[in-house]
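Student: Supplied in structure tokens, the structure appears directly below.
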Amino acid sequence: MATAILSFLNRRTINKQVCRVCQELTELKEERLCGECTRIKAQIRTRFPEAARMMAKPDEQQCKRSACPCAACGGRTLDLHPLYLSDPARADRREAHFHPRCHALWLEITMGPRTGQDIEII
Ligand SMILES: [Zn+2]
Ligand SMILES: [Zn+2]
Ligand SMILES: [Zn+2]
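Following our numbering, the numbering of the sequence shown begins with 18 at its first residue and continues without gaps.
So, in structure tokens, the structure goes:
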């Protein structure tokens, strides 16, 4: 019994939690994200400073191709994944393919924090 309590306490001190985006049990960084999700989110911010504007007319589609380069993390996609086309009227039209996980992070950035969740009213 005492051993059980001890190991429970030891586990608590490592402070592993479930990342709220990719559900991985690990040591979390800020915003209850794991290290990897934190890195991807920062990368989206630098790669897409105009993310919010791109999303003014969101046009989400499903891309059926495989091995597209993910616009957020640069890795290759595996399965069906979200695809965005920026304004088709513009010449510098760009496509953005995302892993489902990267897409969730992308939405957080473009939509802002969801109300009623993760917001502390001071
Ligand atoms: Zn994560
Ligand atoms: Zn694709
Ligand atoms: Zn990705």
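Beta carbons are placed, not taken as given, at the ideal position from N, Cα and C, and that holds for glycine. Keep in mind that this is a model prediction, so the values were computed, not measured.
Please find out if some non-hydrogen atom of ligand 1 comes closer than 6 Å to the beta-carbon of LYS38.
Tutor: Reading off the sequence shown, one finds Val at residue 38, where the question assumed Lys. Yes; taking the cut-off as 6 Å, the Cβ of VAL38 has a heavy atom of ligand 1 nearer than that.
Student: Three Cβ pairs or more, each shorter than 8 Å: is that satisfied between the segment 92-102 and the segment 112-119?
Tutor: A contact exists between the segment 92-102 and the segment 112-119.
Student: GLN34 lies in the beta strand (DSSP E); which residues open and close that run?
Tutor: First-last of the beta strand (DSSP E) with GLN34: 33-35.
Student: Would DSSP call ALA84 helix, strand or coil?
Tutor: Residue state, collapsed to three classes: coil.
Student: What does a CB cutoff of less than 7 Å around CYS51 pick up in its chain, not counting 5 residues either side in sequence?
Tutor: Excluding residues within five positions, the ones whose Cβ falls inside 7 Å are CYS36, CYS39, GLU41, THR43, LEU45.
Student: Could you tell me the alpha carbon to alpha carbon distance between LYS33 and ARG49, rounded to whole angstroms?
Tutor: Between LYS33 and ARG49, the C-alpha separation is close to 11 Å.
Student: Under a three-way DSSP split, which group does GLN60 fall into?
Tutor: DSSP places GLN60 in helix when its eight states are reduced to three.
Student: Closer than 6 Å to a non-hydrogen atom of ligand 1 - does that hold for the CB of CYS90?
Tutor: Not so, every heavy atom of ligand 1 lies at least 6 Å from the Cβ.
Student: Determine the contact status of ILE61 and ALA89, defining contact as a CB-CB distance below 7 Å.
Tutor: Cβ distance < 7 Å, so ILE61 and ALA89 count as in contact.
Student: Within the present structure, is the beta-carbon of HIS114 separated from the nearest heavy atom of ligand 3 by less than 6 Å?
Tutor: Not under cutoff, so the answer is no.
Student: With 16 other CB atoms within 10 Å as the buried threshold, where does ALA59 fall?
Tutor: Classification of ALA59: exposed, given that the 10 Å Cβ count is below 16.
Student: If we ignore side chains and look at the alpha-carbon of each, how far apart do CYS54 and GLU77 end up?
Tutor: Cα to Cα, the separation comes out at about 22 Å.
Student: Measuring alpha carbon to alpha carbon, tell me which of GLY92, PRO66, PHE65, GLU112 ends up nearest ASN79.
Tutor: At residue 79 the sequence reads Gln, which differs from the Asn that was named. Selected option, being the one with the closest Cα: GLU112.
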